[in-house]
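In the order they appear, the protein sequences are chains A and B.
Positions 0 to 355 (numbering that gives the first Met the number 0) are the ones given, in order, by the first sequence.
Positions 0 to 355 (numbering that gives the first Met the number 0) are the ones given, in order, by the second sequence.
Backbone N, C-alpha and C define an ideal beta-carbon position, used for all residues, glycine too.
Since this is a predicted model, take the numbers as computed values, not measurements.
See below for the structure under consideration.
Protein chains: 2
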Amino acid sequence: MTTLKNDRFLRALMREPVDVTPVWMMRQAGRYLPEYRATRADAGDFLSLCKNADFACEVTLQPLRRYELDAAILFSDILTVPDAMGLGLYFETGEGPKFERPVRTESDVAELRVPDMNDDLGYVMNAVSTIRNALNGDVPLIGFSGSPWTLATYMIEGGSSKDFRHIKAMMYKTPELLHQVLSVLADSVTQYLNAQIAAGAQAVQIFDTWGGALSGPCYDAFSLQYMQRIVQGLTKEAEGRRVPAIMFTKNGGQWLERMAATGADALGLDWTTEIGHARARVGDKVALQGNMDPSVLYADASQIEAEVGRILADFGANDGHVFNLGHGIHQFVDPESAKIFVDAVHEQSAQYHAHR
Amino acid sequence: MTTLKNDRFLRALMREPVDVTPVWMMRQAGRYLPEYRATRADAGDFLSLCKNADFACEVTLQPLRRYELDAAILFSDILTVPDAMGLGLYFETGEGPKFERPVRTESDVAELRVPDMNDDLGYVMNAVSTIRNALNGDVPLIGFSGSPWTLATYMIEGGSSKDFRHIKAMMYKTPELLHQVLSVLADSVTQYLNAQIAAGAQAVQIFDTWGGALSGPCYDAFSLQYMQRIVQGLTKEAEGRRVPAIMFTKNGGQWLERMAATGADALGLDWTTEIGHARARVGDKVALQGNMDPSVLYADASQIEAEVGRILADFGANDGHVFNLGHGIHQFVDPESAKIFVDAVHEQSAQYHAHR
C-alpha cells in the first residue's frame, strides 16, 4: 500500500494534533454535482451505479477533483445489506427505496441470514479496492454501513417512513422478535464493515439515521446496544494503523454521553447540537465530527464563512474535530458553495492548531 | 361562567397538588375515532369541519365521551392564521396542507398583515365559545396556535417539507426578511391566542412542530424569541384564574433550559427526552407535559400500562406533570388502547400524589 499523503482526517479522529481541521461532506458524491448526474445517467439507475466498481469509483473521486477534501467515502447505498439478504430492494421514482418482501412475521424473521460478504456483497468490496487504488494515497477512504436499527426500519416498514408504525408496533408488542432481526443485522454489519476494512477502508462510519425517532430507553436497547456490539467486533488496526469508527445518530444529541461510552472513536453530530456543548459533555473520550446545517450552503460566501467560523470557535483550540455538515449535502446546492465551505474550514482553522 | 368540576389539568400546569396526574392526548379528536371520521364525512372536507362551530364542537367532545380525559382541546387547524392572511390554504389528498401563494419575495413579505380576529378568524372564536358552553364546566378547554417559525415553514415552503429549503435559504441569506415574517406572525399569534382566551379558552398551547429542525443559535433567534414575545403578550388571567401557557417544541429536548426561561408555565416534551432528566434540568420553573411515544398504543394492554408506569416513576412524587403523548395520537390506533392509556395514568399515578 502507498503511504498516505494526507492523514489529517485519521489523526483528528484519534484526537492527535493536526495543522488545520480536516473536512469532508456527507453525501459529497451526489446529485448537486453535474458530473455525478452525468455518470448516473450513464449507469442507467442508482443501483447499477452502486454495483459497478468503475462507476462507483468515478463518482467517489468526483468531489475530490473539485475540492480539497481530507477524506473520500465509498459510494454505495445504505441498504446493500438487506438487499443482500434477499428482500428485493428497488427504487420507485420520487418515492425512495422500497423492499418487495418486508419483514413482518415470525417466519419472515426466522428466514433472515447474515449474507455472504464475497458472494452477495463482493461488488462493494470490489468498489472499495478499486477506489483505494485510484486514490493512490491522496486521502483516506471511509467505509460505511447503516446501523441495525436504521436498516431494520426500512426492512420492516418496506421503505421510508414518517411514523415507523410497523417497526414500533413490533418493538412494543413483540420486542424479542425485533431483537432477533437486530441481532442478525449486527452480525451482518460487523462482517460487512470488517470486509470493507480488509478491502482497504481506513475508517468506518455507522449511519444511524433513524435512532433519533426512539425514546431514550428504546434507543439504548434497540439501537445503541447493537452499534456497540458492532464497534466491539470491528477490526481495530489495518496496515499498521488504527481504523477509527465513527458513530452518527441523527437527532441523537441527547444521548452523546452514552454513545461516547461504546468504544467508538468519534461521534457524528447533526446541527441541532452545539459542538462546544457536545465537547464539554464527552470530554476527551471521543473525537467529534460535524456539524454545520447543510442549508447554510444556500447562503452567500460571507455567510458560509461566518458560520464555519462560529462552529470552529465553538469547538475551540483543541484536538479531535473533523469538520462536516450535520447531514448530507442537499441536491440543490451550488457546487461553488461547497468549495467556499471546504476552503473556509482550512483557512480559518489554522489559528486553532498553531503553537500547540 | 359555570364552576370547573375538574381542574386537575390547570392545577398541574401551575405545579399545584392534585389527586391523580391529569391526562389528555394531542390530536385526541382525530381520525383514529370512527365517530370523528363520520362527522368529517358529514362536513365534507377538513376545512369545513374546522370552520363550522357545531361540527368543531362535536369532534372536540367525542373523545371526552369515551375517555376520562382531564382537558378538551379546541378542534381547529394549525394553519388558520396564514389562511386568514390570504395565502390560500388548501388540502390535496394524501399531500397535506398547501398554500396557493407561498411567501418568497420581499414584496410577498411586505404584503403580510395581522389578520382581523373578528372578521377573518371569528369562526375560531365561535368554535371556542360553542365548545366552552357545551363542556358545561366538566374539564378546561385548551386553545392553541402554531408557533411563528412553524407557521412560517408552511407559508414559505408552500406546504409540508422535509428539508425546509426555502425558509432556511431565506434564514441564512436574508435573515432580516424572515424576521419581518416572524414578527407579523408573533403579533398575529398573540392576538389570536388572546382572542381565544377572551372567547373562553382556559389554557393555551403553542405548537412548535418544526423548531427542532434548527441549530441552537437559529432556534433561539428564529423560533424561541418569537414564542417568548407571544408568551409575554398573553392575557395572564381570565375568570379570576391564571391562564397557563404551554410551549411545545418537537425535537426541542436539547433546549429545555432556554424554553423554561421564557415565562411559559409548562413545556411539552416529545418522547425522545426522558422526563426525569427534563425535570432535573428545569427544576421548579415550569410544569412538564408528556411524554409517551404514541406508538406504544400499538402494544397490548399490559405493555401500555408498563410504559405509563415507567414514565410516572421517572417523573416521581412531585407536582407539575400533565400526562400526554409525545406527539399526536396515530390514526391507526385502536380506540380501546387509548382508554387503557388514560385509565392507566389515573390508576397508577395516585400513589405519587398521596400523603403529601
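Cβ separation of residue i and residue j, assumed to be a contact under 8 Å, to the nearest whole Å
i, j, result
"residue 254/A", "residue 261/A", "That belief does not hold up - the Cβ atoms of residue 254/A and residue 261/A are roughly 11 Å apart, past 8 Å."
"residue 69/B", "residue 138/B", "6 Å"
"residue 192/B", "residue 233/B", "6 Å"
"residue 210/B", "residue 149/B", "7 Å"
"residue 25/B", "residue 328/B", "7 Å"
"residue 275/A", "residue 313/A", "4 Å"
"residue 146/B", "residue 186/B", "Wrong, their Cβ atoms sit about 13 Å apart, outside the cutoff."
"residue 144/A", "residue 80/A", "7 Å"
"residue 50/A", "residue 153/A", "18 Å between Cβ atoms; not a contact."
"residue 384/B", "residue 120/B", "Absent from the model: residue 384/B. The displayed extent of chain B is 0 to 355, so no value can be given."
"residue 28/A", "residue 74/A", "5 Å"
"residue 48/A", "residue 38/A", "7 Å"
"residue 256/A", "residue 278/A", "Not quite, the Cβ-Cβ distance comes to about 12 Å (not below 8 Å), so this is no contact."
"residue 203/A", "residue 142/A", "5 Å"
"residue 167/B", "residue 302/A", "So it is not a contact: roughly 12 Å between Cβ atoms."
"residue 200/B", "residue 127/B", "6 Å"
"residue 342/B", "residue 34/B", "Residue 342/B to residue 34/B, Cβ: 20 Å. No contact."
"residue 326/B", "residue 269/B", "6 Å"
Reduced DSSP secondary structure (H/G/I, E/B, other) of residue i
i, result
"residue 75/A", "coil"
"residue 308/B", "helix"
"residue 215/A", "helix"
"residue 80/B", "helix"
"residue 166/B", "helix"
"residue 349/A", "helix"
"residue 207/B", "strand"
"residue 143/B", "strand"
"residue 323/A", "strand"
"residue 220/A", "helix"
"residue 202/A", "strand"
Relative to chain A, which residues along the region 135-169 of chain B have a C-beta separation below 8 Å, given in chain order? Cβ proximity to chain A below 8 Å picks out 162, 163, 164, 167 and 168 from the region 135-169 of chain B.
In chain order, what are the residue ranges of uninterrupted alpha helix (DSSP H) at least 4 long that sit wholly in the region 82-140 of chain B? Taking only runs of at least 4 residues, the alpha helix (DSSP H) segments lying wholly in the region 82-140 of chain B are 105-109 and 121-134.
Let me know the beta strand (DSSP E) ranges lying completely inside the region 225-302 of chain A, each 3 residues or longer, listed in chain order. Counting only runs of 3 or more, we get 244-248, 265-267 and 286-291.
Would you check if the region 321-334 of chain A and the region 284-302 of chain A touch, i.e. whether three or more CB-CB distances between them fall below 8 Å? With a cut-off of 8 Å, the region 321-334 of chain A and the region 284-302 of chain A count as touching, because enough Cβ pairs lie within range.
Quick one, which residues of the region 264-298 of chain A are near chain B if we go by CB-CB under 7 Å, in chain order? Cβ contacts with chain B: 270, 271, 272, 273, 292, 294, 295, 297 and 298.
Taking 8 Å as the threshold, find out whether the region 213-224 of chain A comes into contact with the region 111-126 of chain A through three or more Cβ pairs. No, the region 213-224 of chain A does not touch the region 111-126 of chain A.
Residues from the region 203-216 of chain B in contact with chain A, defined by Cβ distance under 9 Å: Those residues of the region 203-216 of chain B that come within reach of chain A (Cβ to Cβ, closer than 9 Å) are 211, 212, 213, 214, 215 and 216.
Are the region 48-68 of chain B and the region 149-161 of chain B touching, with three or more C-beta to C-beta distances below 8 Å? No: fewer than three Cβ pairs fall under 8 Å.
Does the region 238-245 of chain A touch the region 262-281 of chain A, meaning 3 or more C-beta pairs lie closer than 8 Å? The region 262-281 of chain A vs the region 238-245 of chain A: in contact.
Output needed in chain order: residues of the region 30-44 of chain A with a Cβ under 7 Å from some Cβ in chain B. Listed by position along the chain: nothing, the set is empty.
For the region 306-322 of chain A against the region 274-291 of chain A, do three or more pairs of beta-carbon atoms, one drawn from each stretch, fall closer than 8 Å, so that the two count as touching? Judged by Cβ distances under 8 Å, the region 306-322 of chain A makes contact with the region 274-291 of chain A, as three or more pairs qualify.
Members of the region 327-346 of chain B near chain A, C-beta cut-off 7 Å: So the list reads 329 and 331, given in the order they occur along the chain.
Could you name each continuous alpha helix (DSSP H) segment of 4 residues or more that falls completely within the region 4-81 of chain A, going from the start of the chain to the end? As far as the region 4-81 of chain A is concerned, its whole alpha helix (DSSP H) runs of at least 4 residues are 7-12, 33-42, 45-50 and 52-65.
Assess contact between the region 14-26 of chain B and the region 343-353 of chain B, defined as three or more Cβ pairs (one per stretch) separated by less than 8 Å. Is contact present? Contact between the region 14-26 of chain B and the region 343-353 of chain B is present, with at least three C-beta pairs closer than 8 Å.
Three or more C-beta pairs under 8 Å: does that hold for the region 335-345 of chain A against the region 220-240 of chain B? No contact exists between the region 335-345 of chain A and the region 220-240 of chain B.
Quick one: which residues of the region 238-253 of chain B get their C-beta closer than 7 Å to a C-beta of chain A? List them in chain order. Listed in sequence order: 250, 252 and 253.
Should the region 95-104 of chain B be called in touch with the region 71-87 of chain B, which here means at least 3 C-beta pairs below 8 Å? Contact check between the region 95-104 of chain B and the region 71-87 of chain B: three or more CB pairs, one atom from each, fall below 8 Å, which counts as touching.
Residues, ordered as in the chain, of the region 104-138 of chain A that lie near chain B by beta-carbon distance below 9 Å: Per Cβ criterion, the list is empty.
Residues in the region 50-70 of chain A having any Cβ partner in chain B nearer than 8 Å: Per Cβ criterion, the list is empty.
The region 172-197 of chain B: positions lying closer than 8 Å to chain A by Cβ: Within the region 172-197 of chain B, the residues whose Cβ lies closer than 8 Å to some Cβ of chain A are 172, listed in chain order.
Residues in the region 294-324 of chain B having any Cβ partner in chain A nearer than 7 Å: Hits within the stretch, in order: 294, 295, 297, 298, 299 and 302.
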